[in-house]
Structure formats: structure tokens, C-alpha cells
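To start, the structure under review is shown below, and the notes come after it.
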Amino acid sequence: MENIRLIMIDMDGTLYDVSDLIEDGFNTSVNYLIEFYEFDKEDAEEALIQNHIYPYVSEDARSTTGFFISRGIDMTHWDAYRSEHFGYRLIDNSKAMSEESLKKLADIAPLVLLTNNTRINVKHVLDKINVSEDIFTEIFCNENEKKTPSKKTMMEELLHKYNVKPHEALSIGDRFDVDAKPMIELGGSALILLKPQAIDRFLDEIDNPQSCNVYSFYPGK
Ligand SMILES: [Mg+2]
């Protein structure tokens, strides 16, 4: 881990427990398709589930963003809608990642918050879990007209910006496809947390991280 020079950390499901919000988030997506794309409830739910977007936690879950982009949905419109309907009040602070743990990560290397969520929602979440924005070197949101289906483009942009080689970067998140796969493909390391507080176990084992029952570690090439 001593060669890590940049850490990118996801927000939803990583800083707070995704099970608090997953049903609410799923319903927001369903309602959006009903309200603006003439789906009925059943068709909307089926379309989302077929695209690996579920009202429950699942290892093969994918991002709503990727699916909506593939449907040609206007991302500025969707982001405005999801900001308005985001159920951050449901977050349970006792299960969230602590500011102390985030500080430990920030002591290792510049810590960038990299999220598919909107800037407004980042503020809501950080306020709710009592984490200062100053912990992060930068908050990088994948939103509006610049939105990309995968985080890979943004990861590449950050590597370039911080002048860091892929093998010197670590991506931390809660979903393999979204947070780990693009970084592994670039040649970097990834850490997938089953629960936000699993970060503390990883930090305890940081000199020799071995995948365990609360996190999966994928060392870079
Ligand atoms: Mg996530």
C-alpha cells in the first residue's frame, strides 16, 4: 500500500449503508420512468430489474445512470429529479463511515470523492453523516451533460490530473462493476466494502490486506 498516491472513494453505499436507501432509490427511478417516459409501474420495475437495478442489495447491481444513458434519457433532467427526491434523511448514521476513518485514508494519499450522484446530494449526505467536505482533496461528481455511463473516464481524468500511474491508485466502493472493474482494467487497485465500517478492518490490515468476509481487495498490477 505504500506506493498508493491517489485514493478515489465512492459515496452511495460506501460512506453510508446502501440498504437504508436502496428501496427509496429504486422507487425514485420507477416513478421517474412512470412520470416522464409513460411506463406503467410493472414495466418500469421490470425494465430496471432486467438491467440489474434492484430494490435490494445485490452483488451484481449496476448503476441507474448507465441504464438511463443507454435509454437516451436527458441526464440534466434526471439529475434534477433525483436531487429533489433523494431520501438522504433515511441514512442511519450509526452504520456510516466515520470522519475519523476518512481522515486515516486522507493521510495515506489525496482522497477524492468520486460519485455518480449530484453535488447537491453529496452535500446532503456529508451533512447527514457529519463528515466535513474538507476531508476530501476534491469532490468529483458525474452529473449533468458531462455524465458518463462508467466511472472509467473520470478515473482516467483524475489519474492524469494528479499525475499518478494507475498502479499508484486505489478505488474504494461498494459495487464491483461500478467501482472496482474500471480501476482494475486501468491497472490500479480496488477495494470493495460490504459495509461502510468494513473500512476499519481494512485500515487495521493495511500493511497486508487479504480479502475477508467484510471486504474484497484487488491489488493492482
Ligand atoms: Mg456506490
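Heads up: the sequence shown begins at 1 in our numbering, then just goes up one per residue. Quick reminder that beta carbons are idealized off the backbone N, C-alpha and C, glycines included.
Separation of residue j from residue i, as counted between CA atoms
i    : j    : result
N223 : V178 : This structure leaves residue 223 out entirely; the chain is present only between 1 and 221.
D204 : V131 : 21 Å
Y162 : I4   : 12 Å
D207 : T137 : 23 Å
F222 : N144 : No answer is possible for residue 222: the residues shown for the chain start at 1 and end at 221.
F202 : P149 : 29 Å
E23  : I9   : 23 Å
G72  : D79  : 14 Å
D127 : I139 : 14 Å
N121 : Y88  : 8 Å
G25  : P55  : 8 Å
D12  : M1   : 24 Å
H160 : D20  : 35 Å
Element boundaries [beta strand (DSSP E), containing residue i]
i    : result
V112 : 111-115
F140 : 138-141
C-beta contact flag for residue i and residue j at 9 Å
i    : j    : result
D174 : V30  : no
V125 : I91  : yes
A96  : Y16  : yes
P209 : G187 : no
Y218 : A180 : yes
D200 : S94  : no
L114 : K147 : no
I129 : L111 : no
Nearest-angstrom Cβ-Cβ length linking residue i and residue j, presumed shorter than 8 Å
i    : j    : result
L105 : I7   : 6 Å
A190 : S171 : 5 Å
D40  : I34  : 7 Å
A44  : H52  : No, A44 and H52 are not in contact; Cβ-Cβ is about 15 Å, not under 8 Å.
M183 : M155 : 6 Å
Y81  : Y37  : Y81 to Y37, Cβ: 12 Å. No contact.
Counterpart residues of residue i in DSSP-defined beta bridges
i    : result
G25  : In the DSSP output, where bridge partners are listed per residue, G25 has none listed.
G173 : I192
Y215 : L193
N9   : Reading off the sequence, residue 9 comes out as Ile, not Asn. Answer is L113, I172, bridged to I9.
Residue i CB to nearest heavy atom of ligand 3 below 8 Å
i   : result
M11 : Questions concerning ligand 3 fall outside what the structure shown contains, since the ligands it does hold are ligand 1.
Extent of the continuous alpha helix (DSSP H) run through residue i
i    : result
L102 : 99-108
L203 : 198-204
E84  : 75-85
T14  : Neither: T14 is in no alpha helix (DSSP H) and is coded neither H nor E.
L126 : 119-128
M1   : Careful: M1 lies outside any alpha helix (DSSP H) and carries neither H nor E.
A47  : 41-50
L186 : 181-186
K152 : 152-161
S70  : 64-70
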